[in-house]
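Residue numbers (this note's numbering), protein chains in the order written: chain A, 1 to 111; chain B, 1001 to 1116. What follows is a short report on a single structure.
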């Protein structure tokens, strides 16, 4: 079972920041927080991941709380192409650990 | 060039048939995966191979048999297809030299299997 809880859906206006929350209250010290997204009918796409520090790349920013029990994915300027299901995943540090996809958050960006 | 490519993209077949789905990655990754996404959109891992060695083998019927001839290829063979096998199957690859510290998986476009 997924170790994360996300809202089932969110809306965001085009050009505004999209802030997607995720709860992972049972996260262990060696587990990473990953974000992937799946645009309709396509394969999932990696966005960003982190352990405890905040992370930023060309796609998004990841803010992890100090206690690591929750995180927020930030898309700074959402576009219509960002409409997708966003998955927050907790993954351990061993090769045999897995990405376990939950139900995710369906983000709808509107004009 | 497509990083992770799957063939075929669509597969329609009768119950009881045997079929294969092929996957190739040109990223030089050491690990490949098969996932199944059912009609309710739940995406679940089935298998993972690291350097041609099976490292993840989820509770999947033994009618499903993965085969990795080399690090760049991971094929999925399905025997005696059943209606419940209808789903989208995704292949993925990653470089697991850092384990969970950097499991950035690249996914193929999927194979939509319909069993009639």
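Cβ atoms here follow ideal geometry from the backbone N, Cα and C, with glycine treated the same way. Treat the numbers as computed from the prediction; the structure is a model and nothing was measured.
Requested in this report: Identify every residue that forms a DSSP beta bridge with residue 1069 (chain B).
Outcome: In DSSP, residue 1069 (chain B) forms no bridge with anything.
Inset, instruction - State buried or exposed for residue 1068 (chain B), treating a residue as buried only when at least 16 other CB atoms are found within 10 Å of its CB. - result: buried
Margin query: Counting only Cβ-Cβ distances shorter than 8 Å, please list the residues of the segment 91-103 of chain A near chain B, keeping chain order.
Written below: 91, 92, 93, 94, 95, 96, 97, 98, 99, 100, 101 and 103
Can you look up residue 1036 (chain B) in the DSSP assignment and give me helix, strand or coil? strand
**Item:** Residues bridged to residue 63 (chain A) (per DSSP)
**Value:** A:72
Taking contact to mean at least 3 C-beta pairs separated by less than 8 Å, is the segment 1017-1024 of chain B in contact with the segment 29-45 of chain A?
-> no
Practice task
Label residue 44 (chain A) either buried or exposed according to how many other C-beta atoms from any shown protein chain fall within 10 Å of its C-beta, with 16 as the threshold for buried.
Solution key: buried
Roughly how many whole angstroms lie between the Cα atoms of residue 1010 (chain B) and residue 67 (chain A)? The straight-line gap from Cα to Cα measures roughly 45 Å.
- Roughly how many angstroms separate the alpha carbons of residue 1034 (chain B) and residue 1088 (chain B), rounded to a whole number? 11 Å
DSSP beta-bridge partners for residue 1060 (chain B)? BP columns for residue 1060 (chain B) are empty, so no partner.
Exercise. So which residues on chain B does residue 42 (chain A) lean against when the C-beta distance must stay under 9 Å?
Worked result: 1107, 1109 and 1110
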